[in-house]
Amino acid sequence: MSDAAQIEECDEHDLRIMQEAQLRYTAPYEELAADPTAFQFQWRQIQFAFALPDPYKFPPLPLKLNSDELGVIRRYVSACEELATYSLLHHKGGLTVSWIEGQGTRLETDNPPKEALRGFAVLFRQMHSDDPASFKATKDILAKASRSAHDSHSQLRMDYIKQWSRARAKLLQFTLHDLVQSKMLESRGAAAELVEIKRADSPVQLISLFNYGEYIHWGNKRAEHEALFQDSIVGALSEYRFHSSLIGLSHFYLGFAKLLDAAAAEQ
């Protein structure tokens with residue numbers, strides 16, 4: 000999605016800050032992207048929102064993982080490498096709602112193709128849910144190995160894992176866009192009620208609603224999904240936030256794949 004769409008409620012000054020901010024480390028998998036600048040923009044936001052430690056510098060594990068554990072990590076990394084090539088992560092689109100006198104509300108959308116969303120949602124689910132090679136599965140393997148590695152980097156490894164876990168928990172509650180906007184407002188001394196993120200639905204809820212009401216299964220969320228689109232504007236705004244949720248979390252998962260690569264460098 001376009002830079003302007005990603006920060007639709009921030010002013011031009013805030014957008015310029017994001018566009019011009021210096022990356023502290025290379026955006027994960029930007030070399031696989033059709034548009035590396037889209038990846039760089041997302042990682043400027045992630046670095047602004049969380050100040051995550053450099054995934055490329057995670058200390059390698061000194062103890063050998065067993066074949067099953069190493070297989071899970073390698074599967075997660077390969078899935079992320081594939082996801083990085085998907086068009087959704089650099090789709091140039093957006094949503095505009097306007098009011099025209101005499102015509103009422105006008106809605107203009109530029110959504111990614113349905114087939115692109117369906118394919119993306121299926122692979123995204125493998126790292127996002129409780130699949131055998133998910134974020135949670137690989138994080139648990141890494142945490143177990145880090146606790147068993149009694150070397151000079153033991154505490155640093157655990158600090159890395161805690162910081163990345165906290166960031167993921169935040170991205171399950173709020174979109175990356177909302178977190179960036181909130182932090183920008185806070186940095187300008189805005190009132191607490193403006194800094195607080197107030198949304199009716201979280202990324203977890205949106206991903207579940209669209210994945211299991213439309214894109215992966217026409218399942219137990221289909222009635223809720225259908226009801227959402229009784230109002231076309233509400234439905235379109237919710238789908239836009241669904242796309243935003245997928246993109247923010249996906250880039251986070253790509254970053255964690257680079258961290259796992261570093262952790263397994265001596266395996």
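Per numbering that gives the first Met the number 0, the sequence shown starts with residue 0, numbered consecutively. Glycine included, each C-beta is placed from N, C-alpha and C at the ideal position. Remember, it's a predicted structure, so these values are computed and weren't measured experimentally.
| Item | Value |
| --- | --- |
| Extent of the continuous alpha helix (DSSP H) run through Glu328 | Shown here, the chain extends from 0 to 266; a query on residue 328 therefore has no answer. |
| Cβ shell of His250 (< 6 Å), same chain only, five flanking positions each side left out | Gln41 |
| Reduced DSSP secondary structure (H/G/I, E/B, other) of Thr36 | helix |
| CA nearest to the CA of Val203, picked from Pro61, Gly218 and Gln172 | Gln172 |
| Alpha-carbon spacing of Ala148 relative to Gln154, whole angstroms | 10 Å |
| Neighbourhood of Thr84 by C-beta, 7 Å cutoff - its chain only, sequence neighbours within 5 removed | Leu31 |
| Within 9 Å, strictly: CB atoms of Leu170 and Leu248 | yes |
| For Thr174, the three-state DSSP class (helix, strand or coil) | coil |
| 8 Å contact criterion, which Pro111 and His90 should meet: CB distance rounded | 5 Å |
| Cα-Cα separation between Ala33 and Pro27, rounded to whole angstroms | 13 Å |
| Same chain only: Cβ atoms within 7 Å of Glu7, ignoring 5 sequence neighbours per side | Any reading at Glu7 needs caution, since the residue's pLDDT is 44, under 50, leaving its predicted position unreliable; the model's value is listed next. If we look at Glu7 and ignore the five residues flanking it on each side, it has no Cβ neighbours. |
| Own chain residues within Cβ distance below 8 Å of Leu51, not counting five before or after | Ile45, Gln162, Trp163, Ala166 and Gly254 |
| Outcome for Trp217 when other beta-carbon atoms lying within 10 angstroms are tallied against a minimum of 16 | exposed |
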